[in-house]
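Under my numbering, the sequence shown has 64 at position 58, and the numbering climbs by one with no breaks. For every residue, glycine included, the Cβ atom is placed at its ideal position computed from N, Cα and C. Please read these numbers as outputs of a predicted model, since none were measured by experiment.
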Amino acid sequence: MAETIFSKIIRKEIPVDIVYETETVLAFRDINPQAPVHVLIIPKVEIPKITDLDGKTHGQLLGELFDAANKIANDLGIAEDGFRLVFNCGSNGGQDVFHLHMHLLGGRKMTWPPG
Ligand code: DGP
């Protein structure tokens, strides 16, 4: 699959507000925030979507995405009140950018069911 805008963000060709970075993971504020805190947490390796994952190959990386979410939630002061993590997958899931990403949403009370 062709690379997405997130590859350019990883290469720092497009400026974003980075909140966390390691060798394998990048997290930055969403351009179209749906909550007071809305951060995208992505692997630097190109994986289009959830259905391209398998636990044996990607277990470590997935753990690092969740570690990042916990650290960012703490750093941005939303850990105690709670937050929501979302992976959209495919067109019915509402995925627009086909580079795996976790949405971290917080700073307000979330509603359920999601739209
Ligand atoms: P999804 O619909 O799950 O594929 O979410 C993609 C998100 O990516 C969407 O909330 C907007 C965000 N996004 C797309 N392009 C950019 C960009 O250039 N910069 C930033 N910061 N976010 C972007």
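Whole-Å CB distance - residue i paired with residue j, under 8 angstroms assumed
i   : j    : result
L71 : I56  : At roughly 12 angstroms, the Cβ-Cβ gap does not stay under 8 angstroms, so L71 and I56 are not in contact.
T10 : V103 : 5 angstroms
E52 : S13  : 6 angstroms
Endpoints, beta strand (DSSP E) assigned at residue i
i   : result
L32 : 31-35
E70 : Segment 61-81 is the alpha helix (DSSP H) holding E70; no beta strand (DSSP E) there.
Residue i classed as buried or exposed, judged by whether at least 16 other C-beta atoms fall within 10 angstroms
i   : result
G65 : exposed
P21 : exposed
V31 : buried
I37 : exposed
Sequence-distant residues of the same chain with beta carbon closer than 7 angstroms to residue i, five excluded per side
i   : result
A75 : I47, L91, M108, L110
I84 : V43, G112, G113
Q40 : L111
I16 : L32, K50
C95 : K55, I56, T57, Q101
Same chain, Cβ closer than 8 angstroms to residue i, five either side skipped, listed in chain order
i   : result
V25 : A33, F34, R35, V45, I78, D81, L82
Span of the alpha helix (DSSP H), counted from its first residue to its last, around residue i
i    : result
H109 : Looking at the DSSP string, H109 is not in any alpha helix (DSSP H); the run it does join, the beta strand (DSSP E), is 108-112.
Helix, strand or coil at residue i [DSSP, three-state]
i    : result
E52  : coil
E9   : coil
H105 : coil
I84  : coil
I20  : coil
Minimum Cβ-Cβ distance from residue i to chain B less than 8 angstroms
i   : result
E70 : In summary, chain B is missing from the structure at hand, where a single protein chain is found.
Close Cβ partners of residue i (< 6 angstroms) along its chain, the five nearest in sequence each way excluded
i   : result
G88 : none
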